[in-house]
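Engineer: Chains as they are written, first to last, in the working numbering: chain A, 70 to 361; chain B, 193 to 353. One structure is given below, represented as structure tokens, and several questions about it will come after.
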């Protein structure tokens with residue numbers, strides 16, 4: 070592996086100033102499951118790996134039904150699914166964090182790293198988008214907050230500017246009669262990269278007959294994960310029916326811009342978007358009914 | 193070359209101190225600096241699990257941890273499992289069930305299985321299979337490995353460390 074320096078920041082200011090000083094030559098080290106491999110394999114060259122795990126803000130993990138969920142960017146996946154209260158409140162997020170890699174990866178890999186690595190196929194991003202998660206970003210000018218769906222700008226590229234890094238996520242508390250589901254298609258049971266991933270969330274009326282609102286997000290079918298705006302809007306106020314779910318699935322298919330590669334052809338991926346959107350919506354509805 | 197960093201950690205119950213370059217992985221530190229060659233390098237990118245160690249109670253791939261990151265941490269490697277007199281029940285059952293051929297993946301499987309039994313002393317077969325999904329074996333297939341882990345889970349807790 071190429072030589073680089075290692076620094077461990079203890080405060081947000083310290084990290085921001087090191088990042089501002091080194092620019093693109095510095096990268097954040099949280100769980101290391103992507104960055105260490107990229108540097109080792111020569112896919113990325115760095116002067117400095119900046120370990121943020123000693124900064125208190127990136128280790129927060131707190132939930133309450135009024136304020137929602139705050140997850141520090143460096144919290145590993147297993148800590149999220151091991152907290153019963155969080156697992157109960159956000160099963161759609163648990164779907165995603167519990168299927169990334171194997172147990173060894175879940176012990177280190179973080180939500181923040183999954184987002185900042187900006188893979189089009191990242192499993193947690195569609196789940197975060199449908200749960201209306203926002204990112205808190207620290208930088209030389211203080212902090213700013215952006216919705217997750219605006220964070221990635223291309224494969225491996227994000228909106229982070231010089232000196233900035235991702236501090237934490239905020240998820241609003243789950244509404245009554247709401248549910249979410251993330252599904253990915255892979256050709257085996259475990260340990261693979263999504264051919265397509267789809268997240269869906271739904272808020273239902275009290276009688277559980279209609280959608281109040283819905284959100285659908287797609288992974289691995291465009292240069293970045295996508296919020297399928299129209300697919301969600303089609304369902305607002307509509308009756309829960311096979312026809313309406315099918316219309317939403319078709320709207321999701323319409324915005325997919327997949328490529329053909331070793332994991333699947335573009336046509337196959339577009340077909341999967343339809344299948345997974347229907348199934349993820351049905352899963353979200355089922356969970357919403359249980360939240361009565 | 194970057195300056196070497198001095199690191200102190202607790203490995204298999206012993207305080208150790210070593211110098212390493214920031215680019216050295218924990219796996220390289222264990223094997224090349226500390227002479228603990230039980231942890232194996234398989235893929236060196238987090239797919240195979242041959243380098244598994246337990247870090248502060250959490251199963252990790254030591255190829256995906258930097259040596260400098262273990263400052264103040266507690267690490268258990270395959271060398272830390274057997275007692276002075278006898279093997280760990282997992283090691284014993286891997287032998288009894290012939291759950292290995294070439295042996296490269298074995299330390300990783302055993303360390304991963306220990307992490308499972310520490311957390312879930314009586315796992316179901318499905319739980320064992322999902323837990324070990326991040327460990328690859330190219331010789332035996334997985335069935336004997338799964339049987340060995342389930343058998344080790346039946347051994348008295350007294351027999352386990």
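Note that the Cβ used here is the ideal one computed from N, Cα and C, for glycine as well.
1. What three-state label does DSSP hand residue 322 of chain B in the structure shown?
2. Where does residue 194 of chain B fall in DSSP's three states?
3. Since residue 244 of chain B meets chain A, which of its residues come closer than 8 angstroms, beta carbon to beta carbon?
4. I need the straight-line Cα distance from residue 167 of chain A to residue 79 of chain A, nearest angstrom please.
5. Using alpha carbons as the reference points, say which of A:351, A:355, A:288, A:330 lies closest to residue 322 of chain A.
6. Would you call the region 197 to 215 of chain A and the region 167 to 177 of chain A touching, i.e. three or more CB-CB distances under 8 angstroms?
7. Checking 8 angstroms against the spacing of the C-beta atoms, do residue 269 of chain A and residue 291 of chain A come in under that value?
8. Using 8 angstroms as the limit for Cβ to Cβ distance, is residue 199 of chain B near chain A?
9. Can you name the start and end residues of the beta strand (DSSP E) that residue 258 of chain A belongs to?
10. Any residues in the region 306 to 326 of chain B with a beta carbon nearer than 7 angstroms to a beta carbon of chain A? Which ones, in chain order?
11. Under a CB-based cut-off of 8 angstroms, is residue 72 of chain A close to chain B?
12. Where in the region 192 to 228 of chain A do unbroken runs of the beta strand (DSSP E), each at least 3 residues long, occur, reported from the N-terminal end onward?
13. Is it a yes or a no for the region 310 to 318 of chain B touching the region 260 to 270 of chain B, going by three-plus beta-carbon pairs under 8 angstroms?
14. Look at the alpha carbon of residue 302 of chain A and the alpha carbon of residue 283 of chain A, and state the distance between them as a whole number of angstroms.
15. Since residue 194 of chain B meets chain A, which of its residues come closer than 9 angstroms, beta carbon to beta carbon?
16. With 16 as the cutoff for other CB atoms within 10 Å, does residue 209 of chain A come out buried or exposed?
17. Per DSSP, residue 133 of chain A forms a beta bridge with which residues?
18. State the Cα-Cα distance for the pair residue 301 of chain B and residue 320 of chain A, rounded to the nearest angstrom.
19. Alpha helix (DSSP H) containing residue 309 of chain B: first to last residue?
20. Residues in the region 241 to 269 of chain B with C-beta within 7 angstroms of chain A's C-beta atoms, listed in sequence order?
21. Starting from residue 277 of chain A and walking both ways along the alpha helix (DSSP H), at which residues does that stretch end?
22. Suppose you measure from the CA of residue 353 of chain B to the CA of residue 98 of chain A; what does that come to, to the nearest Å?
23. Along the chain, which unbroken stretches of the beta strand (DSSP E) at least 3 residues long are found entirely within the region 235 to 295 of chain B?
24. Counting only C-beta atoms, is residue 223 of chain B closer than 8 angstroms to chain A at any point?
25. In angstroms, rounded to a whole number, what distance separates the CA positions of residue 101 of chain A and residue 286 of chain B?
26. Please say whether residue 138 of chain A and residue 205 of chain A have beta carbons closer to each other than 8 angstroms?
27. When the Cβ atoms of the region 226 to 234 of chain B are set against those of the region 80 to 94 of chain A, are three or more pairs found closer than 8 angstroms?
28. Ordered along the chain, which non-local residues of its own chain (more than five positions away) have a Cβ less than 8 angstroms from that of residue 338 of chain B?
29. Is there a Cβ of chain A sitting closer than 8 angstroms to that of residue 354 of chain B, yes or no?
30. Check the Cβ of residue 281 of chain B against every Cβ in chain A and list those closer than 9 angstroms, keeping chain order.
31. Between the region 257 to 278 of chain A and chain B, which residues of the former have a C-beta closer than 9 angstroms to a C-beta of the latter?
32. Taking DSSP as the reference, what is the three-state secondary structure of residue 76 of chain A?
33. Check each candidate in B:200, B:304, B:299 and name the one with the smallest Cα separation from residue 259 of chain B.
34. Nearest chain B C-beta to residue 120 of chain A closer than 8 angstroms, yes or no?
35. Identify which residue in B:210, B:202, B:341 has its Cα closest to the Cα of residue 264 of chain B.
36. For residue 353 of chain B, decide whether its Cβ has a neighbour in chain A, counting only Cβ atoms nearer than 8 angstroms.
Structural biologist: To lay it out plainly:
1. helix
2. coil
3. 173
4. 29 angstroms
5. A:288
6. no
7. no
8. no
9. First-last for residue 258 of chain A: undefined, no H or E at that position.
10. 322, 323, 325, 326
11. yes
12. 203 to 208, 211 to 216, 221 to 223
13. no
14. 7 angstroms
15. 72, 73, 74, 75
16. exposed
17. A:137
18. 45 angstroms
19. 298 to 311
20. 241, 244, 250, 251, 252, 253, 256, 257, 258, 260, 261
21. No alpha helix (DSSP H) holds residue 277 of chain A; DSSP gives it neither H nor E.
22. Any reading at residue 353 of chain B needs caution, since the residue's pLDDT is 48, under 50, leaving its predicted position unreliable; the model's value is listed next. Taking the straight line from one Cα to the other gives about 33 angstroms.
23. 244 to 247, 250 to 253, 266 to 268
24. no
25. 31 angstroms
26. no
27. no
28. 317, 320, 321, 324
29. For chain B, the structure presents residues 193 to 353; residue 354 of chain B sits outside this window and is missing.
30. Within chain A, no residue comes near residue 281 of chain B; the closest Cβ sits about 20 angstroms away, beyond 9 angstroms.
31. 258, 259, 260
32. strand
33. B:200
34. yes
35. B:202
36. For residue 353 of chain B, the predicted structure reports a pLDDT of 48, less than 50, and the residue's modelled location is therefore unreliable. The matter cannot be settled from this model.
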